[in-house]
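Enquirer: Heads up: the protein sequence lines correspond to chains A and B, in order.
End of the first sequence sits at 481 in the UniProt record's numbering; the numbers just go up one at a time, nothing left out.
End of the second sequence sits at 92 in the UniProt record's numbering; the numbers just go up one at a time, nothing left out.
Here it is, the structure in full.
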Amino acid sequence: MTNWETIIGLEIHAQLLTESKMFCSCSTKFGAKPNTNICPVCTGQPGVLPVTNKKAIALAIKTAIILNCKIEKTSIFARKNYFYPDLPKDFQISQYELPLAVNGFIDIEVEGVKKRIGITRVHLEEDAGKLVHKGSARIMGAGESLVDYNRTGTPLMEIVTEPDIRSSLEAKVFMETLQHLLQFIGVCDAKMEEGSLRCDANISIRPEGANKFGTKTEVKNMNSFRAVAKALEAEEKRHKEVLQEGGKIIQETRFFDDIAETTIGMRSKESAHDYRYFPEPDLVPIEPEHAWIEEIKKTIVELPTKKAERFEKDFELSKADAEFLTSTPAIADFFENCAKHYSKPKIAANWIMGDLAAYLNANNLTIDKIDFSPLKLAEMLGLIDKGTISGKIAKIVLAEILKTGKNVQDIIKDLGLTQISDESEINNIIDEIINNNPKQVAEFKSGKDPVIMFLVGQVMKASKGRVKPDMAQELLRRALS
Amino acid sequence: MKIDVEHIARLARLGLTEQEKKLYGDQLSRILGHAEELNKLKTDNVAPTTHAIPMKNVFREDKAIPCEDTEAILRNAPAEESNMFLVPRIIE
């Protein structure tokens, strides 16, 4: 039996985080009433002129820099001509010859092994409209379709990889790594499920050791990381089966059915693509000046991999902790600021990854969107160390800070949460517990030592956790001896 | 120069009669023939011109300004439903 090698190249589309469209001033805001964010330019009315959004170019340059690309001295826009209902102008403004940037790479880590994936090019283009298919969730069974042009003209960045990917898992890890990078530098919110990050794949297989590529197919409709892995697994399997039975792979576009987890050949009316690209006559060339590129470079934050390595080393954290704390720039900043004001970084990390992360998840919030500062966390952790509050009470304090935004000290005072360290006050509580639990007291006195923990629990409950458990135990034993 | 008029017409979604195919085929041949004249020039050391005017980097700031009359655009729809353009079946 032949051993096959799988060859995958990805074509990624990322919506850029701009306020307005690529070539007109319509809003890019998601969720507006259909066909309200449209204008004569993005719907291709006669006589209109597109003008390039400067921020879109800046965001693409920023991406090109972190993808280690060469930014071309001159790049131009081109018209890609085809007919499709989501494309009102009957051409898409894209880049063909002379893209914005070329020849980069990303390093990924798959099951502990580092691998470099080449980036062929990064270019800019405009998004198409959105189709809603009537009578079916999918285009296949639909009778008529409805078109909303709000998305038409939204800035899209296309990133094309070299055919360097060798498995569906590598493809998935590549997409996750890219998503993290794009989110980290703030160019794209990169949510595959929402369509702000999309990916098509070219896949082929060849006998191991062969030089020539096999015939490739293009797989579309992968709307999650899981779908990327599943679709490419299914397509790889199909290629093997066809070739092993002596058949031939036909070069075609295939649609991933994420319920059946198979790919289906698409027979589109738009066959035999002949896009007749030509330079867009209405847009002049882009020649990014050196000073502008340098200015953009300065806006780039320390990248996640590097930051995680530094956190591991400087704060003596595990790799998993460091990776969690560098999942977004906001979390990383929060942790680092907190560590500046509190000397035990691992403790701070635990609180951020535990109670704080749980609160953020439960409320669907991000760390930069809440009224809570790294300084407040540092202050609260300091109070635990000083014995003013217990770790258990701190959980209550944190929840209250997150709810009200109040100061740490105020909350402790308002809720009467300071630890009781006055022995006579604790003894009063202990006396009450002893009186109320004669059965357990008798058991303890007859030699059942573990019963002490029940009594400690009662003291903790009665004091609302304001007594240190070891102190409660000590005073209880003294009272019962 | 030989032109595949039918292919070009199909790409442009134009239905042509036999007479028109001949007419436009001849016209396109002559236009391209004229452009071919340029091949006689030696252009090895000349960068391709993409634009006739010497301009670069014309940008606008990223600011959203709503369009005043989106209804007028929607009125161009041959058929409309729920504020959307209604189009016939896309995939056969």
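Glycine included, C-beta positions come from ideal geometry on N, C-alpha and C.
Note that the structure is predicted; figures quoted are calculated from it, not measured.
Taking C-beta pairs closer than 7 Å, name the residues in chain A that T70 of chain B reaches, listed in chain order.
Expert: N35, T36, I38
Enquirer: May I ask which residues mark the beginning and end of the beta strand (DSSP E) holding G457 of chain A?
Expert: Counting along the chain, G457 of chain A falls outside any beta strand (DSSP E), though it belongs to the alpha helix (DSSP H) covering 451-462.
Enquirer: Under a three-way DSSP split, which group does S168 of chain A fall into?
Expert: helix
Enquirer: Should V147 of chain A go down as buried or exposed, given a rule of 16 or more other Cβ atoms within 10 Å for buried?
Expert: buried
Enquirer: Do P304 of chain A and F184 of chain A have their C-beta atoms within less than 7 Å of each other?
Expert: Yes. Within cutoff.
Enquirer: Grab me the residues of A349 of chain A's own chain with a C-beta within less than 7 Å of its C-beta, minus the 5 sequence neighbours each way, in chain order.
Expert: L317, D321, L325, F335
Enquirer: Determine, for D148 of chain A, whether the minimum Cβ-Cβ distance to residues of chain B falls below 7 Å.
Expert: yes
Enquirer: Going along the segment 45-66 of chain B in order, which residues come within less than 8 Å of chain A, judged by CB to CB distance?
Expert: Listed by position, the residues of the segment 45-66 of chain B near chain A (Cβ gap below 8 Å) are T50, H51, I53, M55, K56, N57, V58, F59, R60, E61, D62, K63, A64, I65, P66.
Enquirer: State the DSSP-derived secondary structure class of D257 of chain A, mapped to helix, strand or coil.
Expert: strand
Enquirer: So that I know if they touch, is there some Cβ in chain B lying closer than 7 Å to that of N223 of chain A?
Expert: no
Enquirer: Please confirm if K54 of chain A has its CB atom under 7 Å from at least one CB of chain B.
Expert: yes
Enquirer: Per DSSP, F30 of chain A is paired with what?
Expert: According to DSSP, F30 of chain A bridges with nothing at all.
Enquirer: With 7 Å set as the bound, which would you pick, yes or no: does the beta-carbon of P279 of chain A sit closer than that to a beta-carbon of chain B?
Expert: yes
Enquirer: Exposed or buried, what is L10 of chain A when buried is set at 16 or more other beta-carbons lying within 10 Å of its beta-carbon?
Expert: buried
Enquirer: Listing by chain order, which chain A residues have their CB less than 8 Å from the CB of S29 of chain B?
Expert: Within chain A, no residue comes near S29 of chain B; the closest Cβ sits about 18 Å away, beyond 8 Å.
Enquirer: Would you tell me roughly how many angstroms separate the C-alpha atoms of S481 of chain A and D368 of chain A, rounded to the nearest one?
Expert: 54 Å
Enquirer: Take S167 of chain A and list the residues in its own chain whose beta-carbon comes closer than 7 Å to its own, dropping the five residues that flank it on each side.
Expert: T6
Enquirer: According to DSSP, is S424 of chain A helix, strand or coil?
Expert: helix
Enquirer: Using a Cβ-Cβ distance cut-off of 7 Å, determine whether P99 of chain A contacts chain B.
Expert: no
Enquirer: Under three-state DSSP, which class holds Q361 of chain A?
Expert: Note on residue identity: the sequence assigns Asn, not Gln, to residue 361 of chain A. DSSP places N361 of chain A in helix when its eight states are reduced to three.
Enquirer: For I296 of chain A, collect the residues of the same chain with a Cβ closer than 8 Å to its Cβ; drop the 5 residues on either side in sequence, then sort them by chain order.
Expert: A58, I61, K62, I65
Enquirer: Tell me whether N3 of chain A sits in a helix, a strand or coil according to DSSP, three-state version.
Expert: Collapsing the DSSP output to three states places N3 of chain A in coil.
Enquirer: For chain E, check one thing: does any of its Cβ atoms lie closer than 7 Å to the Cβ of I73 of chain B?
Expert: Judged by its chain identifiers, the structure shown contains no chain E, and its protein chains are A and B.
Enquirer: Strictly by DSSP, which residues pair up with L86 of chain B?
Expert: Answer by DSSP bridge pairing, in chain order: A:L146.
Enquirer: Who pairs with I108 of chain A in a beta bridge, going by DSSP?
Expert: For I108 of chain A, the beta-bridge partners assigned by DSSP are A:K115.
Enquirer: Report yes or no: do three or more beta-carbon pairs, one from the segment 219-232 of chain A and one from the segment 37-45 of chain A, lie closer than 8 Å?
Expert: no
Enquirer: What residues from the segment 79-92 of chain B come within 8 Å of chain A, judged by C-beta to C-beta, listed N to C?
Expert: E81, S82, N83, M84, F85, L86, V87, P88, R89, I90, I91, E92
Enquirer: Exposed or buried, which one is N35 of chain A when buried takes at least 16 other CB atoms within 10 Å?
Expert: Counting Cβ neighbours within 10 Å, N35 of chain A comes out buried, since at least 16 surround it.
Enquirer: Is H51 of chain B helix, strand or coil when you go by DSSP?
Expert: coil
Enquirer: Of all the alpha helix (DSSP H) runs that stay within the bounds of the segment 313-365 of chain A, which reach a length of 4 or more residues?
Expert: 319-325, 329-341, 345-351, 357-362
Enquirer: State the beta-bridge partners of H133 of chain A as determined by DSSP.
Expert: A:S145
Enquirer: Is there a Cβ of chain B sitting closer than 7 Å to that of E19 of chain A, yes or no?
Expert: With 7 Å as the cut-off, E19 of chain A counts as an interface residue toward chain B.
Enquirer: Return the CA-CA distance between D127 of chain A and P329 of chain A, expressed in angstroms with no decimal places.
Expert: 28 Å
Enquirer: Less than 7 Å between CB atoms is the rule here; does L11 of chain B satisfy it with respect to chain A?
Expert: yes
Enquirer: According to DSSP, what are the bridge partners of A210 of chain A?
Expert: Looking at the DSSP assignment, A210 of chain A forms no beta bridge with any residue, so it has no partner.
Enquirer: M157 of chain A bridges to which residues according to DSSP?
Expert: A:A14, A:L124
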